[in-house]
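Only one structure is covered here, and it is reproduced in the block below.
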Amino acid sequence: MILVINKNASEKEIEDVKEKIHAKGFEVHESRGLNYHILGVVGDTSSIDSGLFQTYNAIDKVIFVQEPYKKSNRLFHPDNSVIKVGKETIGGDKLAIIAGPCSVESEEQIVSIAESVKKSGAGFLRGGAFKPRTSPYSFQGLKKEGLELLKIAREKTGLPIVTEIMSTDFLDDFVEDVDVIQVGARNMQNFELLKQLGKTNKPILLKRGLSATIEELLMSAEYIMAGGNDNVILCERGIRTFEKFTRNTLDLSAIPAIKKLSHLPVIIDPSHAAGLWWMVEPLAKAAIVAGADGLIIEVHNDPKNALVDGAQSIKPDKFEHLMDKLKMLAAVEERAI
Ligand code: PEP
Ligand code: MN
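The sequence shown begins at 998 in the numbering used here and counts up one residue at a time.
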């Protein structure tokens, strides 16, 4: 952290700042030039409140030279993280393809979709049991029964299951039953939930918040990792912009940006990004070529009658076709699928 001193600051005011820096346990590196006077705060300054030094008269500007995230920072972990999920991995050479309905509706529905996406080459089954809906009057998911149905689908297909947690109420069930715990966009900054997930050793699929910056996403990952759980997978699922044509705007630049800043795997959710089934294929293809480590895609056998997100769900035959295309693109990127 660099503190730029005000031109008219008195020596006493500057001394007060230095004293504060020392009191916080940091060293000061002072540099006086003809036109500038700066104090370098030496040490890990991530715990210093960003506004602290702005309260001093002697300070003109505070410049941060270090990112506030540490455990998720590539600087301290140059190699890509590879998250193990049973026999599957996320972040390694093989792309992680997660597919399934938005929400679990019945045993027949989840098992038949699981079987068909597995046949097409998906490595994981998704399905919401607890659904975060904008309206309290909309279908909220089958909840615990949904988790049971996901377990049946896993037993029949061998696919690991990915499903969303909404609060700590059923944390033990999730730790016991689920292979990858999803934190949805709306809960990205539910810090108490993130802290509890940090105490588990479960892989966590952390989705980017509706209007969250990349740094905020990484800080949320940091909450989980600070608790000791390094198994975090990041997911870009579209962000809010002024554009109304699509449900959200897919931020493809988040892939290379996150890859530069962090060692954590990044996957893309083209379904929630677009909100339109016919856009899923082009966006999924673009994501793989842009360097994503995988995809999470909504697939439904009967989108017209889906209880949630039918408009953005592709049918199993479209998913099969998409997987064939993705295999070619994965090869271009020297990845397996
Ligand atoms: C979901 O994956 O079904 C979901 C609700 O996603 P998001 O949190 O990205 O809206
Ligand atoms: Mn959905």
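All residues carry an ideal CB built from backbone N, CA and C; glycine is no exception.
Residues surrounding the ligand MN [beta-carbon distance to nearest heavy atom under 5 angstroms]: C1099, D1306
N- and C-terminal bounds of the alpha helix (DSSP H) containing S1109: 1104-1117
For S1028, the three-state DSSP class (helix, strand or coil): strand
D1169, buried or exposed, once every other Cβ within 10 Å from all chains shown has been counted against 16: exposed
Assigned exposure category for M1325 - 16 Cβ within 10 Å defines buried: exposed
Check whether T1154 and L1122 have beta carbons under 8 angstroms apart: yes
Closer than 7 angstroms: A1182 CB and nearest the ligand PEP heavy atom: yes
Burial state of K1196, where buried means 16 or more other Cβ atoms lie within 10 Å: exposed
C-beta atoms of I1178 and E1104 nearer than 8 angstroms: no
Cβ-heavy atom distance, H1297 to the ligand PEP, below 7 angstroms: no
Any non-hydrogen atom of the ligand PEP within 7 angstroms of H1269 CB: yes
Under 8 angstroms between C-beta atoms of K1140 and A1126: yes
Sub-8 angstroms separation of V1082 and P1262 beta-carbons: no
S1100 versus D1314, N1298, H1318, M1320, residue with shortest Cα-Cα distance: N1298
The ligand PEP heavy atom lying under 7 angstroms from the CB of E1161: yes
Sequence-distant residues of the same chain with beta carbon closer than 6 angstroms to A1287, five excluded per side: L1249, I1252
Contact test: D1174 Cβ vs the ligand PEP heavy atom, cutoff 7 angstroms: no
beta-carbon P1065 near the ligand PEP non-hydrogen atom, thresh 7 angstroms: no
Nearest neighbour of F1061, chosen from F1073, G1048, N1054 [CA to CA]: G1048
Residue from K1257, G1030, D1057, H1019 whose Cα sits closest to the Cα of I1039: The sequence as given places Val at residue 1039; Ile does not occur at that position. Measuring from the Cα of V1039, the nearest candidate turns out to be H1019.
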